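In our numbering, the protein residues as written are 21 to 487.
From the three backbone atoms N, C-alpha and C, an ideal C-beta is built for every residue, glycine too.
Values in this document were obtained by computation on a predicted structure and should not be read as measured data.
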């Protein structure tokens, strides 16, 4: 092996490393765009691949189950959700208890690699949405008992986390130098300042008023007013706007609950922040959300050309996601800065190696180059997250005449509208569940208590256009 051959070899390693360093993030962007503006096939393939992996198994399974829902495959979606959700809970005499370590929290990593090398644990807000969607699957499939059980778990998670004395999302600290601690603090402050305007719109990253509301509906229709009042009261504590929907309008007719899932939640992006290491500025990657606070669509409900209701936002998923990231940023920045410092120190040593002394010293230099180049592949900012969640969840509750056969949902901002047929029959509330993921806009109509065959329809988005 000659000196030139050695240099050529390391050049190949460097090219390979740097060509692949943004592959994961680029795939995330491509999958999201595929759902919003494409066929959804690439997103399905990617989710299937992740579901079969080690580090992204849970995230991939949740994405895959959600994509199946968007395609109307509720049985297939349920079969993907079920095993993932079952392994996360213990059933006790007191009710379901979330197993420790099953939500993103106190995750420490070494200085080699990055957070993407850590198995993805679902943030609580993502887990709660998974439980809600599985409850919807169960209702559409006619399994009222399972629907109730999954919603009970969705509220139990919130009860459990509220009772925890320590922050479930606080990353553990590491022993770091004064310089690294200062760099981590600088990066944390910069990212937190950008996240806070949206993150401060919610009190915590795990409270979901809609899950409590749905649980209250079950108790109400099981003639259990005491527990229904508790569930509704908890929903109102989280978001007072939801209390107006806890009682149906008086009179005979159809009690219809409209659920509008507005757009897709923001995507995390990598941001480079220049920080001083040893007197020189180096750029270090961190995750961030860049979008301002999302203004929900104004969705009205019409019948016979007359507006009968306007949907009200009850879950700000964007704010939950921003709050979760902000809560974890101190630990994320500490780890990323520590890793960067290790690589920089190794590189500085290699830069002072005298390669004329022979192959041993040359091997040291090339080994460091190879380590830094290879670790670049796995040192991206960890921008993973459940991308097919909505930005907001909105609801309306209306009383329609018994003979009403359809309603129209209209976006007052875009003027786009969609007529939704109401199947005859059934007792108790019925849901009109509109998921507006742009390219995959769908409407499902199904009963809480049974009595008619659920329907699923692919429809035109009420948002329209590119974001």
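Label residue i either buried or exposed according to how many other C-beta atoms from any shown protein chain fall within 10 Å of its C-beta, with 16 as the threshold for buried.
i: residue 409; result: buried
i: residue 242; result: exposed
i: residue 127; result: Residue placement at residue 127 is flagged as unreliable, the pLDDT there being 45, under the threshold of 50; the coordinate-derived value follows with that caveat. So residue 127 ends up on the buried side.
i: residue 439; result: exposed
i: residue 182; result: exposed
i: residue 110; result: exposed
i: residue 445; result: exposed
i: residue 267; result: exposed
i: residue 120; result: exposed
i: residue 74; result: exposed
i: residue 264; result: exposed
i: residue 98; result: buried
i: residue 351; result: buried
i: residue 107; result: exposed
i: residue 213; result: exposed
i: residue 327; result: exposed
i: residue 343; result: buried
i: residue 441; result: exposed
i: residue 353; result: buried
i: residue 63; result: buried
i: residue 198; result: exposed
i: residue 86; result: buried
i: residue 95; result: exposed
i: residue 209; result: exposed
i: residue 136; result: buried
i: residue 83; result: buried
Which first and last residues belong to the alpha helix (DSSP H) in which residue i is found?
i: residue 256; result: 245-258
i: residue 150; result: 144-160
i: residue 211; result: 198-219
i: residue 232; result: 229-241
i: residue 175; result: 164-183
i: residue 99; result: 94-106
Which residues in the same chain have their Cβ closer than 7 Å to the Cβ of residue i, if we skip the five residues on either side of it in sequence?
i: residue 66; result: 47, 51
i: residue 361; result: 200, 297
i: residue 45; result: 290, 400, 403
i: residue 310; result: 289
i: residue 477; result: 462, 463
i: residue 216; result: 346
Which residue marks the beginning of the beta strand (DSSP E) containing residue i, and which one marks its end?
i: residue 285; result: No beta strand (DSSP E) contains residue 285, which DSSP labels as neither H nor E.
i: residue 75; result: Unbroken run through residue 75: none, as it is neither H nor E.
i: residue 416; result: 412-420
i: residue 466; result: 460-467
i: residue 453; result: 450-457
i: residue 333; result: 332-336
i: residue 222; result: Counting along the chain, residue 222 falls outside any beta strand (DSSP E), and DSSP gives it neither H nor E.
i: residue 478; result: 475-479
i: residue 447; result: First-last for residue 447: undefined, no H or E at that position.
i: residue 109; result: 109-112
i: residue 116; result: 115-118
i: residue 322; result: 319-323
i: residue 306; result: 300-308
i: residue 429; result: 426-431
Keeping to the same chain, check which residues put their C-beta closer than 8 Å to that of residue i; ignore five residues upstream and five downstream.
i: residue 316; result: 282, 333, 411, 412, 414
i: residue 148; result: 174, 177, 178, 226, 228, 231
i: residue 447; result: 467, 469, 470, 471
i: residue 69; result: 80
i: residue 251; result: 175, 232, 233, 235, 236, 239
i: residue 206; result: 293, 295
i: residue 115; result: 172, 176
i: residue 102; result: 154
Since residue i and residue j should fall inside the 8 Å C-beta cutoff, what is the C-beta to C-beta distance between them, to a whole number of angstroms?
i: residue 143; j: residue 123; result: 6 Å
i: residue 357; j: residue 248; result: Contact flag wrong, Cβ pair sits at about 50 Å.
i: residue 460; j: residue 55; result: 6 Å
i: residue 312; j: residue 345; result: Rounded, the Cβ-Cβ distance is 15 Å, inconsistent with contact.
i: residue 255; j: residue 339; result: In fact, because the Cβ distance is near 17 Å, the residues do not count as touching under 8 Å.
i: residue 474; j: residue 277; result: No, residue 474 and residue 277 are not in contact; Cβ-Cβ is about 14 Å, not under 8 Å.
i: residue 341; j: residue 286; result: 7 Å
i: residue 151; j: residue 105; result: 6 Å
i: residue 465; j: residue 443; result: 6 Å
Identify, in the order they occur along the chain, each residue of the same chain with its Cβ nearer than 6 Å to the Cβ of residue i, setting aside the five sequence neighbours on each side.
i: residue 132; result: Bear in mind that the predicted position of residue 132 carries a pLDDT of just 49, short of 50, making it unreliable; the figure below should be weighed with that in mind. Contacts found: none.
i: residue 501; result: The chain is shown from 21 up to 487; residue 501 falls before or after that span and cannot be answered.
i: residue 280; result: 319, 331, 414, 454
i: residue 146; result: 406
i: residue 428; result: 322, 437, 439
i: residue 417; result: 265, 277
i: residue 59; result: none
i: residue 301; result: 294
Are there any heavy atoms of the ligand NAD lying less than 8 Å away from the beta-carbon of residue i, as far as the coordinates show?
i: residue 124; result: With respect to the ligand NAD, the structure offers nothing, as it holds no ligand at all.
Less than 9 Å between CB atoms is the rule here; does residue i satisfy it with respect to chain D?
i: residue 358; result: Of the chains in the structure shown, none is chain D; there is only one protein chain.
On the three-pair Cβ rule with 8 Å, is the segment 270-277 touching the segment 420-435?
yes
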